[in-house]
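Numbering (full-length UniProt numbering), first residue to last: 1 to 734.
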């Protein structure tokens, strides 16, 4: 109140002259008076006047004064009975972004908490990003991390997005579709995750209307036409339920409802159905006194209409991650029409509609909020964990998106603890959900007592036991089938750590070679040149530069040129020595993640080779005449000179194609010849040619070098049935 009293003069805080705006705020003020103290309403009103003055002269695309938007956002927030700080932040949420008002000024007038909320809602306009996608991802990261420290940030942001979606018809079509897609991918799932069911449904409906306007109109007309035909069925079901429940001494409120357009459209798209095939467009909600009445009501309904097998779900015994509780069943109603029914108590219904905002005023009552608070808190903590293991903002957003998709599967630990995972999750996801160390050390699993592959998709009720080993590490192949954002982020984080040192070493070698045309080596680059280079590119250390080069994020020739330019500034110093030319990079073939042998041409020691920089993948070694690298030959910055290092004792995969006569036992004779040449067969595929007269074999064999391969091929040629043998040097499809 002292900060509000410090306002120098009342004149600047008059709202713009508009009877509509005055009426809007008068309605909001009346709503606030129903649950806030008079002095708190006065603080919110001061924030309104401050925002109106800051936005004076600004208009929305619709032509309305801009202040109408913050008032509408505050009105939505007031429906959740949020506190004065949240209401003031809702009214001020755009002043830092769109006017000259600073965070410090807001803190002085309305308190530090309100200023922090407004800051969490403001975009990062002062930073330059490489792309629109990166800027969007970084803004989402800022907002979600602010949400993790104060949930009111996302509640205000959701209210902001809701009002923007309600007024989206004024925006040009391309931007409308982009905003609708963003809402469907991020904001609607967040609303669902927080249990804000009404908001979730409305955001979905508005997004569907603006993203697919033609489909929305066609489906809307089809539902209107179907209402008359199905009214009799709905009325009969409603009457039957209302008559049957009192017979079982169940006091209940029964409501019939039409399914939302987007849920019908999604069902049609996912199951490839026409509208006429979607029969269950109506649902019923039964609200009873207590939990025993829920189960009693299910019995009454199942005795009246036959239930559809597999469609009964008990979210009371096992609530959803957002705290949602209900019994769900699908019944075969009159004329064979499926009817969906949800049964819940009044308290469950309140939480189902308002989620984390349902008890905001009563947040000090720990008995009613403990479980819901714990679920929300654990999710917010998982966001912070994702942030710490994700590198770039786009990667963080990708992991959050994965975790926001609806659909859960409930599984058990060996001790009987229930875990909720995303639908399609695997034992690897389960291992990381238990603990990061369990995931990192996972080597096998038992599902319901049986040893199963780690890529097995989990089902409801499965009991999972993870088998670990002390020296095991995450497998990069896991990324192909893990489902949860936490598992994906932790696997990537581990692989990046393991890859870092290797990438630094490779990057150092690449940069050293790239400096050769400039007459320099890394050891001759001065401290001044390095400091200048790092400062201009906002990088922290040489290691970071080397790692980026080793992973293909930076081209070594470009970095070398920039370093040479910086070095020129001190070329007159006496201690600058002309370097000796550096040789080609030596390849052992066992470098691992940062250096990879191309699968398309399978180079082996003795082959003439070339190195190609692949962005985000490191150095890829190809045969000199490989078709895949022919496109980059003209780009000198993409390829580097490489040579085989002598004395490497390991085996390399290479594929040979053998054409033989189609006679009995020919494969055994070819395999015997390969074995006699001290060679192992990794893989075999066969097909017939020329009407079955000949057999073509593709054999992947393991050899030490080119000389060993020649020895193997000579041995195979001696087999009488062999017509032709050749090495497969390039497969462009790979």
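The beta-carbon is built from N, C-alpha and C at its ideal position, and this holds for glycine as well. All figures in this text were calculated on a predicted structure; none of them were measured in a lab.
| query | result |
| --- | --- |
| The region 500 to 512 contacting the region 474 to 488, beta-carbon criterion three pairs below 8 Å | no |
| Simplified DSSP state of residue 621, which is helix, strand or coil | strand |
| Spatial neighbours of residue 789 in its chain, beta-carbon cut-off 6 Å, leaving aside the 5 residues before and after | Here the chain comprises residues numbered 1 to 734, so residue 789 is not present and cannot be evaluated. |
| Straight-line gap, residue 643 to residue 650 (C-alpha atoms, nearest Å) | 16 Å |
| Nearest-angstrom beta carbon gap, residue 694 and residue 667 [assumed within contact, 8 Å] | That belief does not hold up - the Cβ atoms of residue 667 and residue 694 are roughly 13 Å apart, past 8 Å. |
| Cβ-based burial, residue 190 [other Cβ within 10 Å; buried from 16] | buried |
| Beta strand (DSSP E) segment containing residue 611, residue limits | 609 to 614 |
| Backbone secondary structure at residue 351 - three-state DSSP | helix |
| Cα-Cα separation between residue 91 and residue 201, rounded to whole angstroms | 25 Å |
| Inter-stretch contact at 8 Å, needing at least 3 Cβ pairs: the region 329 to 347 / the region 422 to 439 | no |
| Residue 331: first and last residue of the uninterrupted alpha helix (DSSP H) it sits in | Looking at the DSSP string, residue 331 is not in any alpha helix (DSSP H); the run it does join, the beta strand (DSSP E), is 327 to 332. |
| Within 9 Å, strictly: CB atoms of residue 212 and residue 265 | yes |
| Burial state of residue 663 (16 or more Cβ within 10 Å) | exposed |
| Three CB pairs or more closer than 8 Å across the region 245 to 259 and the region 193 to 210 | no |
| Reduced DSSP secondary structure (H/G/I, E/B, other) of residue 35 | coil |
| Beta-carbon proximity list for residue 685, same chain, < 7 Å, skipping 5 on both sides | 698 |
| Bounding residues of the alpha helix (DSSP H) (the contiguous stretch that carries residue 707) | 706 to 717 |
| Status (buried if at least 16 other CB within 10 Å, exposed otherwise) for residue 102 | exposed |
| Opening and closing residue of the beta strand (DSSP E) in which residue 659 lies | 652 to 661 |
| Unbroken beta strand (DSSP E) run spanning residue 282, endpoints | 282 to 288 |
| Proximity below 9 Å, CB of residue 742 to CB of residue 47 | No information on residue 742 is available, as it lies outside the stretch 1 to 734 that the chain covers here. |
| Beta strand (DSSP E) segment containing residue 252, residue limits | 252 to 258 |
| Contact the region 149 to 164 vs the region 70 to 78: 3+ CB pairs below 8 Å | yes |
| Sequence-distant residues of the same chain with beta carbon closer than 7 Å to residue 163, five excluded per side | 69, 72, 73, 76 |
| CB contact below 9 Å: residue 25 versus chain B | Among the protein chains of the structure shown there is no chain B, as only one such chain exists. |
| Spatially closest choice to residue 330 from 321, 317, 313, 419, by CA coordinates | 313 |
| Closest residue to residue 599 among 267, 587, 613, 623 (Cα-Cα distance) | 623 |
| Minimum C-alpha distance to residue 502 - residue among 547, 517, 323 | 547 |
| Simplified DSSP assignment, three categories, for residue 440 | helix |
| Of the residues 646, 725, 468, 567, the one placed nearest residue 587, counting alpha carbons only | 646 |
| Inter-residue Cα distance where the pair is residue 287 and residue 341 | 11 Å |
| Proximity to residue 293 [Cα-Cα], best of 248, 271, 45, 676 | 248 |
| Separation of residue 514 from residue 560, as counted between CA atoms | 6 Å |
| Contact belief for residue 719 with residue 673 at Cβ below 8 Å, rounded distance in angstroms | 5 Å |
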